[in-house]
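Visitor: The sequence shown stops at residue 853 when you use the working numbering, and every number in between is there.
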Amino acid sequence: MSETETEGAALAGVRVLELGGGVAGAYCAKLFADMGAAVSRVEPVAGDPLVETLLDPGEPITRGLYLDYLNAGKIPRAEVRAAGDFDILILGEAADRPVDLPAPSTAVLDISWFGADGPYADWQGTDLIVQSLAGLVQPVGPIDGPPQFPGEHQATLIAGLSAYCAGVAALIGGRPTAPRHFEVSILEAILINADLQICQTALMGAPVPRMGVNRFVPTCPVSIHKCKAGWIGITPLTPAQWQAFCRIIDLPDFANDPELLPQRTRFPHAERMETAFNTRFPRKTAEEWAAMGREHKVPMVVVPDALGILEHPIFNARESLANFESQGETYRVPRTPFRLEKTPSRLVLEKPSGKEVLEPLDEVGTSDTPLTGIRVADFSMGWAGPLTTRMLADFGAEVIKIEAGRYPDWWRAVEWTPEAIAAKQYEKSERFSMVNRGKQSVSLDLTNPVGMALAKDLAGHCDLVVENQAAGVMSRLGLGYEHLSEGREDLIMLSMSAFGAGNAWSDTRAYGSVLEQGSGIPSFAGRPEWPPTMAHIAYGDPIGGIHGAASLLTALFHRRRTGSGQWINNTQIEAMLPFTTPALLIRQATGHEPLRRGNRHPSLVPHGVFPALGEDRWIAIAVTGIEGWRGLARAIGRDDWAEDEGLAPPKARRRIEDEIEAAISAWTVGQDGVGAAEALQIAGVAGAPLHYMDQVTEDRHLRARSFFYEIERPHTGHQWQTGLPLLLDGERYPMRGLAPLLGGDSERVLV
């Protein structure tokens, strides 16, 4: 990194020490490094197991490549630095934790799979295990099973990002009299993806069932189809989108079919629709179909493979990929997606030059709410933007949500009938309640000149402005950054559209499913005979939301040091790209696309989902080391395998993987999933039952750790809500208020 780049880095002067061990901790430290902090890393005494991890078991060149990516830009250090010589200490989930751990000046970020206490505190964890407990595996895959693992590193990356948010928030709060200790649970962090499903389960009185590969109810169709070349992802939801879609693909009879026009009645016709789609899409390439979708304002997008991501016109135009070197080769990988215009993340991931600005962080603060005094004008709607501002509210910011009585947040699910209005139906959405807690609501009609003037004046009294409208909408309203920042050098504004402003795809119609499709993630999930396989969460929304919060916190810290605000031009799709990093590394290292393995794993053998006792009951099992393998072999009655030294290496077990999986299934099918998982964990094996979403809020470990907020709100009644995945000095971060009533704070705020 050049001296000029370092002086412009958002976190210049911050000193971080990482005690390595585990992906979540390494990724957290990487984010600090990518935003300009000086990060030193101490390897575990026994070495980091990622050194020997193969991204592709048949390709030795991929050994340790992911660890090289995580460590790019860090300073290797042989031993722990002296106390007070750094601001942030990061403890990875597999880090050594010596009793004489030195104290940082500001905060310890202590990451673990399940937290320091609770029934699962001593359990073995993997991404598969925590995603299974979070209810995120059960809904994916064919109806008759087995359910499908959405993907490796997703929980760990989100946990690393959550810890980063805590660390930067602590820096904003100022140096305390004693360092603060943040405990970050990977299981709790991944549950940010489950917010919507938890609400839907409560509304329906039952969990959303597994409906098949790329089949969703009631949202339909949301699917991926083979074209003449490539794959196309579609999400035509509204009647207007549906009719335009049917015209594009030459299905006029479908366009006005009364059973297909409303989204809510389409799912029973999924088979008929998909059969018709599959006769049309092979007529053109995915690129051609996507271009037609953009022209007619239909959510349609190319689903790229690894090469497609590397050559993607929009990703390349936006410089979405950064470079790093490993073993003499240069690799392109997803850039940290905090698109701060003045202090962007690094494009070249390399060690600091040694010329960083290292001013001491000597501002003293003791607040548990580091954003106290920060006021936010929140123009966002739906899930992603409101999640960003919910996190800011959780950290103590005053968030003023701006919506209109005639045009409220669409997650209020308003039906404009006299009966619905009389019943205040607009106040009864659990989804809105979940993602807007701790905020105030001001009702201003932005189509009215008076309302517009009031909104602009209100924004002038705020430190931050947040919006997730379609690209360009705020500027057309006169509320863009160029308007609101006039005469204000300190304003920070976050825009978080689907594909960002100022490019050829800026007007693409997008939902969370479109972002998942367009990111390429489905190309690396599921079995090879299936189409690219989607998870059953609208990934783009929660992932975009937490990245939005991280971007704002980073910009706030920079403003605290310099007084300078800036525009943040985030895209929700770039927030998804870090999940594709292993696939991109495989493609560049080997020249071929990564193999889709279903529930199997490139390094852990065995690794999968197996039938348990009862209808549609399953257990996840992952063997992470030789002792885990021996414990599993003995549990299933194969002492001979446990004692066979020839089966100690995972590559030896891979040769009989089918036989091993058959033996596991023969044992698990007669076992209660919960009891079997507990027995396996005692034996040192990573195992967990696959939770349905209604079991997640009843989970004994999460309840014991007080993870969920139990609320009672007017009109919505009783509700469980996910909290921040943080304990501060041993205490759960408290909730800071219920979701507001529509316009309920207008008079107080405006007067």
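No residue lacks a Cβ here, since even glycine has one placed at the ideal position from N, Cα and C.
Since the model is a prediction, treat every value here as computed from it, not as a measurement.
1. For Leu119, which residues from the same chain have a beta carbon less than 6 Å from its beta carbon, with the 5 sequence-adjacent residues on both sides left out?
2. In terms of residue numbering, what span does the beta strand (DSSP E) encompassing Leu829 cover?
3. Please report how far the alpha carbon of Asp202 lies from the alpha carbon of Ala196, in whole angstroms.
4. Could I get the ranges of all uninterrupted beta strand (DSSP E) runs contained in the region 106-147, with 3 residues as the minimum, in chain order?
5. For Glu812, does the count of other Cβ atoms within 10 angstroms reach 16, so buried, or fall short, so exposed?
6. Using a 10 Å radius around the Cβ and a threshold of 16 neighbouring Cβ atoms, would you call Pro551 buried or exposed?
7. Of the choices Ser653, Phe379, Ile326, Gly540, whose alpha-carbon is the least far from that of Ile594?
8. With 16 as the cutoff for other CB atoms within 10 Å, does Asn570 come out buried or exposed?
9. What is the DSSP secondary structure of Pro684, counted as helix, strand or coil?
10. Let me check understanding here. Comparing Cα to Cα, which of Pro446, Ala600, Val853, Gly825 lies closest to Ile670?
11. Roughly how far, in whole angstroms, is the beta-carbon of Tyr613 from the beta-carbon of Ala640, given that I think they are within contact range, below 8 Å?
12. What residues in its chain sit with their C-beta under 6 Å from that of Glu107, if we drop five residues either side in the sequence?
13. If we ignore side chains and look at the alpha-carbon of each, how far apart do Ala677 and Ala486 end up?
14. Just confirm the distance between the C-beta atoms of Pro680 and Pro406, as a whole number of angstroms; I'd bet it's less than 8 Å.
15. Taking just the CA atoms, how far does Val787 sit from Ile762?
16. Hey, Leu289 and Val232: beta-carbon distance below 8 Å or not?
17. Quick check: what's the CA-CA separation for Gly620 versus Gly237?
18. Along the chain, which unbroken stretches of the alpha helix (DSSP H) at least 4 residues long are found entirely within the region 696-747?
19. Hey, how far is the Cα of Ala135 from the Cα of Ala128?
20. Alpha carbon to alpha carbon, what distance is there between Gly262 and Gly149?
21. Taking C-beta to C-beta, are Gln299 and His793 nearer than 8 Å?
22. Look up Phe216 in the DSSP assignment and say whether it is helix, strand or coil.
23. Report the CB separation of Asn332 from Thr387 in whole angstroms; it is logged as a contact under 8 Å.
24. What does a CB cutoff of less than 6 Å around Gly553 pick up in its chain, not counting 5 residues either side in sequence?
25. Assign Pro816 to one of two classes, buried (16 or more other C-beta atoms within 10 Å of its C-beta) or exposed (fewer than that).
26. Inspect the beta-carbon positions of Ser234 and Ala722 and report whether they are closer than 8 Å.
27. Is there at least one Cβ from chain D nearer than 8 Å to Arg382's Cβ?
28. Taking C-beta to C-beta, are Ser666 and Asp718 nearer than 8 Å?
29. I need the straight-line Cα distance from Tyr583 to Thr635, nearest angstrom please.
30. Pairs of beta-carbons, one from the region 414-421 and one from the region 597-609, closer than 8 Å: are there three or more?
31. Write down the C-beta distance between Gln783 and Arg539 rounded to the nearest angstrom, noting that I regard them as a contact closer than 8 Å.
32. Is Leu566 buried or exposed, if buried means 16 or more other CB atoms sit within 10 Å of its CB?
33. Measure the alpha-carbon distance for Ala357 versus Gln343 and round it to whole angstroms.
34. Round the Cβ separation of Phe659 and Ala112 to the nearest angstrom and send it over; I've been treating them as touching at under 8 Å.
35. What's the C-alpha gap between Gly484 and Ser325?
Guide: Concretely, from the data shown:
1. In the sequence shown, residue 119 corresponds to position 17, counting from 1. Cβ within range, chain order: Ser142, Arg183, Phe188, Leu191.
2. Here residue 829 refers to the residue found at position 727 of the sequence shown. 828-830 is the span of the beta strand (DSSP E), which, as asked, contains Leu829.
3. What you label residue 202 is simply residue 100 of the sequence shown in a count that begins at 1. What you label residue 196 is simply residue 94 of the sequence shown in a count that begins at 1. Roughly 17 Å between the two C-alpha positions.
4. The region 106-147 contains these whole beta strand (DSSP E) runs: 117-121, 140-144.
5. Taking the sequence shown and counting its residues from 1, one reaches residue 812 at position 710. Classification of Glu812: exposed, given that the 10 Å Cβ count is below 16.
6. Taking the first residue of the sequence shown as 1, we reach residue 551 at position 449. Exposed, because fewer than 16 other Cβ atoms sit within 10 Å of the Cβ of Pro551.
7. Indexing the sequence shown from 1 puts residue 594 at position 492. Checked all of Ser653, Phe379, Ile326, Gly540; the closest Cα to Ile594 is Ser653.
8. Translated into positions along the sequence shown, residue 570 becomes position 468. Buried, because 16 or more other Cβ atoms sit within 10 Å of the Cβ of Asn570.
9. The residue you call residue 684 lines up with position 582 of the sequence shown. Helix at Pro684.
10. One-based indexing of the sequence shown puts residue 670 at position 568. Among Pro446, Ala600, Val853, Gly825, the Cα nearest to that of Ile670 belongs to Pro446.
11. Position 511 of the sequence shown, counting from 1, holds the residue named residue 613. Position 538 of the sequence shown, counting from 1, holds the residue named residue 640. Contact holds; Cβ gap of about 7 Å.
12. Counting from 1 along the sequence shown, the entry for residue 107 is found at position 5. With a pLDDT of only 39 at Glu107, under 50, the local geometry of the prediction cannot be trusted, and the value read off the model is given with reservation. So no residue of the chain qualifies.
13. Here residue 677 refers to the residue found at position 575 when the sequence shown is read from its first residue. Here residue 486 refers to the residue found at position 384 when the sequence shown is read from its first residue. Spanning the two alpha carbons is a distance of roughly 11 Å.
14. Translated into positions along the sequence shown, residue 680 becomes position 578. Translated into positions along the sequence shown, residue 406 becomes position 304. Contact doesn't hold; Cβ gap of about 15 Å is too wide.
15. Your numbering for residue 762 matches position 660 in the sequence shown. Your numbering for residue 787 matches position 685 in the sequence shown. Each residue's CA atom was taken as its position, placing Ile762 and Val787 some 15 Å apart.
16. For this step, residue 289 is matched to residue 187 along the sequence shown. For this step, residue 232 is matched to residue 130 along the sequence shown. The Cβ atoms of Leu289 and Val232 lie closer than 8 Å to each other.
17. As a first step, residue 620 is located in the sequence shown; it is residue number 518 there, counting from the start. As a first step, residue 237 is located in the sequence shown; it is residue number 135 there, counting from the start. If I take the Cα positions, the gap works out to 24 Å.
18. Segments of the alpha helix (DSSP H) lying fully in the region 696-747: 728-737, 741-745.
19. For the purposes of this step, residue 135 is taken as the residue at position 33 of the sequence shown. For the purposes of this step, residue 128 is taken as the residue at position 26 of the sequence shown. Here the C-alpha atom of Ala135 lies approximately 10 Å from the C-alpha atom of Ala128.
20. Within the sequence shown, residue 149 is the residue found at index 47, counting from 1. Within the sequence shown, residue 262 is the residue found at index 160, counting from 1. Rounded to the nearest angstrom, the two C-alpha atoms are 20 Å apart.
21. If you number the sequence shown from 1, residue 299 lands on position 197. If you number the sequence shown from 1, residue 793 lands on position 691. No, these two residues do not count as a Cβ contact at 8 Å.
22. Within the sequence shown, numbered from 1, the residue matching residue 216 stands at position 114. The answer is coil: DSSP assigns Phe216 none of H, G, I, E or B.
23. Position 230 of the sequence shown holds residue 332. Position 285 of the sequence shown holds residue 387. As written in the sequence, residue 332 is Gly, which differs from the Asn given in the question. Yes, Gly332 and Thr387 are in contact; Cβ-Cβ is about 6 Å, under 8 Å.
24. Your numbering for residue 553 matches position 451 in the sequence shown. Around Gly553: Leu546, Asp547.
25. Sequence index remark: in the sequence shown, residue 816 carries index 714 (1-based). Exposed, by the Cβ-count rule.
26. As a position in the sequence shown, residue 234 is number 132, starting the count at 1. As a position in the sequence shown, residue 722 is number 620, starting the count at 1. It is a contact, given that the beta carbons lie within the stated cut-off.
27. Considering every chain present, this structure includes no chain D. It has just one protein chain.
28. Position 564 of the sequence shown holds residue 666. Position 616 of the sequence shown holds residue 718. Inclusion of Ser666 and Asp718 in the CB contact set at 8 Å is not warranted, their separation being larger than that value.
29. Position 481 of the sequence shown, counted from the first residue, corresponds to residue 583. Position 533 of the sequence shown, counted from the first residue, corresponds to residue 635. When rounded, the distance between both Cα atoms is 38 Å.
30. Because the criterion of three Cβ pairs below 8 Å is met, the region 414-421 and the region 597-609 touch.
31. Along the sequence shown, one-based indexing puts residue 783 at 681. Along the sequence shown, one-based indexing puts residue 539 at 437. By a beta-carbon distance limit of 8 Å, Gln783 does not contact Arg539. Their separation comes to about 34 Å.
32. To locate residue 566, count along the sequence shown from 1; it is residue 464. Residue environment: Leu566 is assigned as buried (16 or more neighbouring CB atoms within 10 Å of its CB, all protein chains considered).
33. As a first step, residue 357 must be located in the sequence shown, where it is residue number 255. As a first step, residue 343 must be located in the sequence shown, where it is residue number 241. Straight-line Cα distance between these residues: approximately 10 Å.
34. Within the sequence shown, the letter at position 557 stands for residue 659. Within the sequence shown, the letter at position 10 stands for residue 112. The Cβ separation is near 7 Å, so the contact holds.
35. As a first step, residue 484 must be located in the sequence shown, where it is residue number 382. As a first step, residue 325 must be located in the sequence shown, where it is residue number 223. So the two alpha carbons sit approximately 22 Å from each other.
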